[in-house]
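*Asks:*
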Amino acid sequence: MSSPLEFITCPLYCELSHISKLMAKLVLLFLNLRYTGIHNNSIMVLVDVKMLSGFTPVLASIQELENNGHVMKTEVKNDHVLFYLENVTGVVKSFTFSVEQSNLVSNIQPAPVVVYNYYEKDEYALDSYNINNIPVSQ
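Residue 1 is where the sequence shown starts when you use the UniProt record's numbering, and the numbers rise one by one after that.
So this is what it looks like as structure tokens:
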């Protein structure tokens with residue numbers, strides 16, 4: 001059985017910052033989702049993005065999504081960023097936000113992303129992301 005929510009997470013690029021002696025990585029995450037269930041839409045969808053080990057969200061990029069109306073509400077809790085989206089239909093909704101490396105961690109493992117219908121928790125999709133093999137700009 002296919003999931004009533006389709007979701008893709010993709011790191012677009014990685015930028016090296018020369019602010020300190022240690023090179024910090026800034027990663028732009030691209031999220032794509034749409035509703036494919038039996039209804040016309042999902043009234044409310046929650047996207048839960050777990051941070052990669054050693055990474056933190058860039059709060060300005062998250063706030064900008066809320067200010068521009070791309071998402072209804074955002075929350076940052078522990079090592080998760082939560083995005084609340086209203087009226088997700090079969091048309092793909094896309095948005096991006098940034099995360100930056102705050103601690104050097106070796107052998108970074110993929111982090112999960114869970115997307116689910118807020119009112120029907122059995123409608124969900126899972127994905128993961130990592131920073132391996134993405135283009136780096138300096």
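Ideal Cβ positions, reconstructed from N, Cα and C, are used throughout, including at glycine.
Rounded to a whole number of angstroms, what is the C-alpha to C-alpha distance between residue 71 and residue 83?
*Replies:* 7 angstroms
*Asks:* Between residue 80 and residue 112, what straight-line distance do the alpha-carbon atoms span, to the nearest angstrom?
*Replies:* 10 angstroms
*Asks:* Express the C-alpha separation of residue 131 and residue 86 in angstroms, rounding to a whole number.
*Replies:* 29 angstroms
*Asks:* Which class does residue 17 belong to by DSSP, given the choice of helix, strand or coil?
*Replies:* Summary for residue 17: the model assigns pLDDT 46, below 50, so the residue's position carries little reliability, and this model does not support an answer.
*Asks:* Starting from the C-beta of residue 114, find all residues in its chain whose C-beta is less than 7 angstroms away, skip the five residues before and the five after it, and write them out in chain order.
*Replies:* The answer, listed in chain order, is 48, 124 and 126.
*Asks:* If the criterion is Cβ atoms closer than 7 angstroms, does the pair residue 55 and residue 101 meet it?
*Replies:* yes
*Asks:* For the UniProt domain "Alpha-macroglobulin receptor-binding" (42-129), list the alpha helix (DSSP H) runs that are entirely contained and at least 4 residues long, ordered along the chain.
*Replies:* 59-67
*Asks:* Under 8 angstroms by Cβ, that's how I've got residue 43 and residue 119 pegged, so tell me the actual separation to the nearest angstrom.
*Replies:* 6 angstroms
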